[in-house]
Amino acid sequence: MEKLYLILDSHGEALAQAVLESPRVTEVVQLHLTEETELDFLQIGEIQCIGLDNSTPSLRGTVTMQRGERLVIKPQAMLGAEARENLRILTDFESVMYPVTGYWKGQRAIRGKDLSCGGVAFRTAQTLKVGEVVQLVLPVTDSPLLLRSRILRELSADENGTLYAARFIDLCLDEEFIIRKAVFSIQVSRPKAKA
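For the sequence shown, the positions run 27 to 221 when the numbering used here is used.
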């Protein structure tokens, strides 16, 4: 099975997707980009390679050679699971949420602002309490997911409602993988800056 990576610059901006060509991560890692690019990875400097699934190690390193879509990377540090979880993308989607903890009833509209593998920020007109649990429909995955989320904090408020940060809870491995795949796909579909 292919080991898929999302390549980010040192600021966390997505640059490309690649597949591991080396048998495993060692002193030198060879990746093959999944699409042609005009980016000069040698000039970009330090990059992060975030593995799609839990069995794919993530790393920080420097590109030492680029030939077409092939990159050779000298790893500088291995990254933990938090690198995948902290990968955050701006997004814009409309959806709905439902109460779990019983502070209110019915269905309420939400508008997604950003998404990570571990949570979501969204705006809603419904007043929510920190610690409250809601179920929200995440429509940006291959098939919409109904996910339990705990409200972490209120980020801001204006005439359009309140922006909340929420963390996904009680995820199964399949849901984690589906969310991560959606985050990767959205990141890579963004226009890329030229180096």
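Cβ atoms here follow ideal geometry from the backbone N, Cα and C, with glycine treated the same way. Note that the structure is a prediction, hence the values are computed from the model and not measured.
- Cβ-Cβ distances below 6 Å link M91 to V98 in the same chain, with the five nearest sequence neighbours on each side left out; the list follows chain order.
- Here the alpha carbon of T117 sits roughly 14 Å from the alpha carbon of A191.
- When secondary structure is reduced to three states using DSSP, A183 falls in the strand class.
- Closest option to E28, judged by alpha-carbon separation, among L68, T82, E39, V55: T82.
- The C-beta distance from S121 to G138 rounds to 7 Å, short enough to fall under 8 Å.
- Nearest Cα to I115 within the set G87, E72, A42, V146: V146.
- When rounded, the separation of the alpha-carbon atoms in V45 and V55 is 11 Å.
- Secondary structure of A42 (DSSP, three-state): strand.
- Checking the DSSP bridge columns, you'll see D196 has no partner listed.
- Under the DSSP assignment, Q56 falls in the beta strand (DSSP E) whose first and last residues are 55-59.
- Contact check between the segment 151-169 and the segment 122-136: three or more CB pairs, one atom from each, fall below 8 Å, which counts as touching.
- Annotation note: the segment 107-189 contains the following uninterrupted alpha helix (DSSP H) runs of length 4 or greater, listed N- to C-terminal: 108-111.
- Listed in chain order, the non-local C-beta contacts of L113 below 7 Å within the same chain comprise I76, S142, C143, V209, local neighbours out to five positions each way being set aside.
- Where L97 is concerned, the enclosing beta strand (DSSP E) starts and stops at 96-105.
- R206 and A151 have their alpha carbons spaced roughly 28 Å apart.
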